[in-house]
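Colleague: Just so we're aligned: 524 in the UniProt record's numbering is position 524 of the sequence shown, and the numbers increase by one with no gaps anywhere.
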Amino acid sequence: MSEKEQIIKTEYSEVMQKSYIDYAMSVIVARALPDIRDGLKPVQRRTLYDMYELGIRYDRPYRKCARIVGDTMGKYHPHGDSSIYEALVVMAQDFKKGQPLVDGHGNFGSIEGDGAAAMRYTEARLQKITQEVYLSDMDKDVVDFVPNFDETEKEPEVLPVRVPNFLINGADGIAVGMATSVPPHNLGEVIDGVKAYMKNNDITVKGLMRYIKGPDFPTGGIVVNKDDLYSIYEKGSGKVRLRGKVDIERGKGGKQSLVITEIPYTMVGANIGKFLNDVAQLVETKKTTDIVDISNQSSKEGIRIVLELKKGADADNLTNMLYKKTRLEDTFGVNMLAVADGKPETLSLKKVIEHHVDFQFEVATRKYQNLLAKELDKKEVQEGLIKACDVIDLIIEILRGSKNQKQVKDCLTMGITEGIRFKTKTSERAASKLRFTVRQATAILEMRLYKLIGLEIEALMKEHDLTLANIAKYENILNNYDAMAEVIITELDAVKKEYGQRRKTVIENAEEAVYEENKIEEMEVCVLMDRFGYIKTVDKAVFERNQEAALKDYQYSFLCSNTDKLCIFTEQGKMHMVKVMDLPFGKFRDKGAPIDNFGNYSTAQETILYLGCLEEIKKQKLLFITRNGMLKQVEGSEFDAAKRTIAATKLAEGDEAVFVQPADTMDYVVLQSRDGYFLRFLKEEVPDKKKTAIGVRGMRLAETDQIEHGYLIESRMEYAITYHEKEVSLNKLKLGKRDTKGIKIRV
Numbered sequence: 001m002s003e004k005e006q007i008i009k010t011e012y013s014e015v016m017q018k019s020y021i022d023y024a025m026s027v028i029v030a031r032a033l034p035d036i037r038d039g040l041k042p043v044q045r046r047t048l049y050d051m052y053e054l055g056i057r058y059d060r061p062y063r064k065c066a067r068i069v070g071d072t073m074g075k076y077h078p079h080g081d082s083s084i085y086e087a088l089v090v091m092a093q094d095f096k097k098g099q100p101l102v103d104g105h106g107n108f109g110s111i112e113g114d115g116a117a118a119m120r121y122t123e124a125r126l127q128k129i130t131q132e133v134y135l136s137d138m139d140k141d142v143v144d145f146v147p148n149f150d151e152t153e154k155e156p157e158v159l160p161v162r163v164p165n166f167l168i169n170g171a172d173g174i175a176v177g178m179a180t181s182v183p184p185h186n187l188g189e190v191i192d193g194v195k196a197y198m199k200n201n202d203i204t205v206k207g208l209m210r211y212i213k214g215p216d217f218p219t220g221g222i223v224v225n226k227d228d229l230y231s232i233y234e235k236g237s238g239k240v241r242l243r244g245k246v247d248i249e250r251g252k253g254g255k256q257s258l259v260i261t262e263i264p265y266t267m268v269g270a271n272i273g274k275f276l277n278d279v280a281q282l283v284e285t286k287k288t289t290d291i292v293d294i295s296n297q298s299s300k301e302g303i304r305i306v307l308e309l310k311k312g313a314d315a316d317n318l319t320n321m322l323y324k325k326t327r328l329e330d331t332f333g334v335n336m337l338a339v340a341d342g343k344p345e346t347l348s349l350k351k352v353i354e355h356h357v358d359f360q361f362e363v364a365t366r367k368y369q370n371l372l373a374k375e376l377d378k379k380e381v382q383e384g385l386i387k388a389c390d391v392i393d394l395i396i397e398i399l400r401g402s403k404n405q406k407q408v409k410d411c412l413t414m415g416i417t418e419g420i421r422f423k424t425k426t427s428e429r430a431a432s433k434l435r436f437t438v439r440q441a442t443a444i445l446e447m448r449l450y451k452l453i454g455l456e457i458e459a460l461m462k463e464h465d466l467t468l469a470n471i472a473k474y475e476n477i478l479n480n481y482d483a484m485a486e487v488i489i490t491e492l493d494a495v496k497k498e499y500g501q502r503r504k505t506v507i508e509n510a511e512e513a514v515y516e517e518n519k520i521e522e523m524e525v526c527v528l529m530d531r532f533g534y535i536k537t538v539d540k541a542v543f544e545r546n547q548e549a550a551l552k553d554y555q556y557s558f559l560c561s562n563t564d565k566l567c568i569f570t571e572q573g574k575m576h577m578v579k580v581m582d583l584p585f586g587k588f589r590d591k592g593a594p595i596d597n598f599g600n601y602s603t604a605q606e607t608i609l610y611l612g613c614l615e616e617i618k619k620q621k622l623l624f625i626t627r628n629g630m631l632k633q634v635e636g637s638e639f640d641a642a643k644r645t646i647a648a649t650k651l652a653e654g655d656e657a658v659f660v661q662p663a664d665t666m667d668y669v670v671l672q673s674r675d676g677y678f679l680r681f682l683k684e685e686v687p688d689k690k691k692t693a694i695g696v697r698g699m700r701l702a703e704t705d706q707i708e709h710g711y712l713i714e715s716r717m718e719y720a721i722t723y724h725e726k727e728v729s730l731n732k733l734k735l736g737k738r739d740t741k742g743i744k745i746r747v
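1) Please list the terminal residues of the continuous beta strand (DSSP E) segment that includes Y711.
2) For E301, count neighbouring C-beta atoms within 10 Å of its own C-beta (all shown protein chains included) and say buried if the count is 16 or more, exposed if not.
3) With 16 as the cutoff for other CB atoms within 10 Å, does S257 come out buried or exposed?
4) Under 8 Å between the Cβ atoms of L103 and R125?
5) Inspect the beta-carbon positions of E223 and P215 and report whether they are closer than 8 Å.
6) Quick check: the Cα distance between M699 and I595, rounded to an integer number of angstroms?
7) Would a C-beta distance cut-off of 8 Å place K367 and V194 closer than the cut-off?
8) Measuring CA to CA, which of D590, A443, G573, S19 is closest to L609?
9) Is the segment 185-203 touching the segment 493-507 in the sense that three or more CB pairs, one from each, lie closer than 8 Å?
10) DSSP on S637, reduced to helix/strand/coil?
11) Can you check whether the C-beta of M447 is within less than 8 Å of a C-beta belonging to chain C?
12) Whole angstroms is fine: what's the gap from E714's alpha carbon to K732's?
13) From what residue to what residue does the beta strand (DSSP E) around T152 run?
14) Three Cβ pairs or more, each shorter than 8 Å: is that satisfied between the segment 555-573 and the segment 655-665?
15) Let's see if you can read the secondary structure: which residues bound the beta strand (DSSP E) around residue 755?
16) Considering S298, what are the terminal residues of the beta strand (DSSP E) in which it resides?
17) Inspect the beta-carbon positions of E687 and Q620 and report whether they are closer than 8 Å.
18) What are the uninterrupted segments assigned as beta strand (DSSP E) that are 3 or more residues long and contained completely in the segment 124-207, given in chain order?
19) Do the segment 241-254 and the segment 289-300 make contact, defined as three or more Cβ pairs closer than 8 Å?
20) What's the gap between the Cα of V669 and the Cα of K618?
21) What does a CB cutoff of less than 7 Å around E275 pick up in its chain, not counting 5 residues either side in sequence?
22) Sorted by chain position, which residues of the same chain lie with C-beta nearer than 7 Å to N271's C-beta, five sequence neighbours on each side aside?
23) Considering Cα atoms alone, identify which of V525, V306, V158 is closest to V542.
24) Counting C-beta neighbours from all protein chains within 10 Å, is the total for N225 16 or more, i.e. buried, or is it exposed?
25) Any chance you could list the alpha helix (DSSP H) runs of at least 4 consecutive residues sitting entirely within the segment 596-645, in chain order?
26) Please work out which residues of its chain come closer than 7 Å, Cβ to Cβ, to Q555, disregarding the five sequence neighbours upstream and downstream, and give them in chain order.
27) Can Y134 and V161 be called in contact, C-beta distance under 8 Å?
28) Would you identify the three-state DSSP class for R63, choosing helix, strand or coil?
29) Tell me which same chain residues have a C-beta within less than 7 Å of the C-beta of I392, skipping the five on either side of it?
30) Just checking, does the segment 547-563 make contact with the segment 638-648 on the three C-beta pairs under 8 Å criterion?
31) Tell me, which residues are paired with Q661 by DSSP?
32) Figure out for me which residue from T417, T437, L730 has the closest Cα to the Cα of R429.
33) Quick one: grab the DSSP three-state call for R46.
34) Considering Cα atoms alone, identify which of V408, K433, M414, T413 is closest to R421.
35) Please go through the segment 464-535 and give each complete beta strand (DSSP E) segment of 3 or more residues, from N-terminal end onward.
36) Does E354 come out as helix, strand or coil in the three-state DSSP assignment?
Given below as structure tokens:
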């Protein structure tokens with residue numbers, strides 16, 4: 001180790017903590033959350049700026065998205081092309097953004113969840129609003145530029161967006177330990193809200209809501225909890241309840257159809273397909289018998305999902321059922337989190353607008369300072385040219401008498417006449433009094449002779465008057481809050497006039513959807529499940545006709561009511577519950593459906609030990625046996641639970657259940673261990689316990705031994721098993737006591 005190198009000893013946990021905090025803040029500030037000033041995440045800002053730099057304007061031809069993505073990644077955003085392209089696609093989708101910022105050409109996906117074509121096929125350019133409202137004045141030093149990731153380029157820290165994009169287009173992003181989710185709002189309403197705040201800084205959130213009614217989703221729909229919006233905008237978080245718009249159309253013969261023309265914003269994408277599946281499931285499970293056909297007739301013109309109803313169906317009740325049972329009514333979680341002043345903050349509606357207005361004043365100040373500086377430069381040059389026109393003969397004499405440009409400049413700026421030949425002493429004295437500025441002198445030397453025409457001199461005088469008027473105007477804007485506010489408001493009015501749109505989402509208070517469920521006709525059915533886990537129900541009469549085949553082909557076959565619930569006990573000590581009504585009902589030869597499709601059970605992770613009806617189980621006791629030899633009896637009524645999955649028994653660490661069966665009609669318990677020990681004892685020796693108890697020891701096992709099987713037998717029943725090709729009659733085993741070793745079967 002060299003003398004300069006030092007080993008610094010530090011706590012590993014401290015290094016990890018600091019490193020993770022640094023990483024988390026990087027994700028929060030530099031990737032996942034939008035900046036409150038322009039409402040854009042870094043990838044969006046960089047993509048739009050790159051398009052601006054490439055000159056891909058709204059009035060120019062489209063360019064390949066691959067070119068935009070590659071250029072953005074190489075210059076500003078070295079985080080992979082897919083993230084850049086996805087951001088570009090979303091900014092072009094009018095069903096996701098209240099105000100699309102990119103004009104896409106080609107397949108940019110659909111509202112039903114179809115993905116965009118690869119970037120080598122699609123093209124894009126900036127929207128007119130993006131260019132005029134989001135990227136204008138970039139040449140006037142209105143925002144700070146910072147070095148890019150490798151310090152070879154400069155990129156804007158923030159875009160000079162004139163409207164609160166954070167509200168207009170909404171935002172969503174998942175950072176580390178926090179997430180943002182902001183719904184889109186109406187451009188015109190938000191601008192009215194900003195103007196109201198600028199005219200009265202003390203306006204309340206309630207006052208702002210006279211202008212900003214609530215979210216305005218591009219998919220339309222209905223917000224049904226209007227009274228909750230105040231709390232959401234005050235706190236910056238809450239839940240908006242959304243419904244799709246349903247129309248009732250009447251057809252021939254008195255038939256009716258429910259037509260969904262607008263969907264909740266949360267249904268955009270794959271959830272439309274899920275909604276159709278949910279409706280089909282309601283029909284299949286007999287939750288409703290009023291729907292005879294489902295068709296998705298959506299097109300480029302808009303959403304149109306048609307549910308044809310049978311004659312005499314209650315359309316209003318069915319609409320409420322769709323709101324209650326499907327995603328046609330959904331919630332949009334609002335969390336108005338953004339990076340404000342360099343740190344993440346959850347903001348109220350007023351705070352969002354406050355930050356935006358502060359940013360607008362900052363941008364306007366920098367813009368008019370820049371314009372004023374340019375006008376002052378012009379004024380200096382114009383005054384020099386006007387003054388030069390008055391003494392043009394003297395200037396020409398200086399030019400003709402000078403040997404080089406330096407002599408002329410020194411004479412014009414400082415009155416130095418040495419080395420210059422004058423016609424008269426009077427001219428020399430006049431030249432010595434000249435005091436033009438360096439900029440004026442340069443302009444005089446560069447002036448063309450045609451500028452001495454009378455009309456040109458007159459035009460110069462008018463231009464000078466205009467410059468003086470501009471200087472007075474810009475100084476007034478910079479020195480007067482009201483004047484600057486008026487300029488900002490005028491710009492906002494122009495934006496609203498050109499780009500404002502009518503509200504699409506209706507805001508109202510609606511009562512909770514209530515529907516009357518069709519009374520299910522109770523009937524006895526047979527549950528059939530094969531060894532592959534495919535389950536179904538058939539009519540009782542069908543089962544009785546095919547009873548022999550059912551017992552042969554199916555692992556489980558038993559009768560129960562269609563209003564009952566199935567209880568699935570597994571080796572993990574869990575009980576999963578499934579409604580019999582949810583199982584497919586059909587013919588005896590139908591395949592059925594995997595039991596994994598119902599409830600929380602998964603054949604890949606758990607093995608079924610017992611399957612039975614809740615009503616039958618409630619009338620009996622269940623015997624539980626575990627691999628470590630613990631056992632107990634539990635009253636079946638303990639398994640009547642509201643949850644779909646509960647712990648059926650308590651297991652010690654590393655233990656699992658190997659046997660669960662109803663025990664009421666049985667007399668003896670037989671335990672079989674892996675090492676070949678068998679123990680038969682009276683069932684009465686097994687105590688009744690709660691399902692939360694571990695139980696008592698049933699058999700003394702060697703350290704390496706485990707229970708392999710458990711059996712329940714009647715005293716009058718002959719029950720033989722094959723153990724290592726040897727027949728063992730369980731009811732003839734020597735009767736022992738619980739918690740003993742048992743007898744070993746020699747093979």
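Where a beta carbon is used, it is the ideal one built from N, C-alpha and C, also for glycine.
Modeller: This is what the structure gives:
1) 707-713
2) exposed
3) buried
4) At residue 103 the sequence reads Asp, which differs from the Leu that was named. Yes, the Cβ-Cβ distance between D103 and R125 is below 8 Å.
5) Looking at the sequence provided, one finds Val at residue 223 rather than Glu. Contact: yes.
6) 34 Å
7) no
8) G573
9) yes
10) helix
11) You won't find chain C in this structure, because it holds only one protein chain.
12) 12 Å
13) No beta strand (DSSP E) contains T152, which DSSP labels as neither H nor E.
14) yes
15) Because the chain is modelled from 1 through 747, residue 755 falls outside the range shown and cannot be assessed.
16) From DSSP, S298 is part of no beta strand (DSSP E); its letter is neither H nor E.
17) Here residue 687 turns out to be Pro, not Glu, going by the sequence shown. The answer is no: Cβ separation not under 8 Å.
18) 145-147, 154-156, 171-174, 179-182
19) no
20) 21 Å
21) Looking at the sequence provided, one finds Phe at residue 275 rather than Glu. Excluding sequence neighbours, F275 sits near M267, T326, R327, L328.
22) R327
23) V525
24) buried
25) 614-617
26) M529, D530, R531
27) yes
28) strand
29) L452
30) no
31) L623
32) T417
33) helix
34) V408
35) 524-529
36) helix
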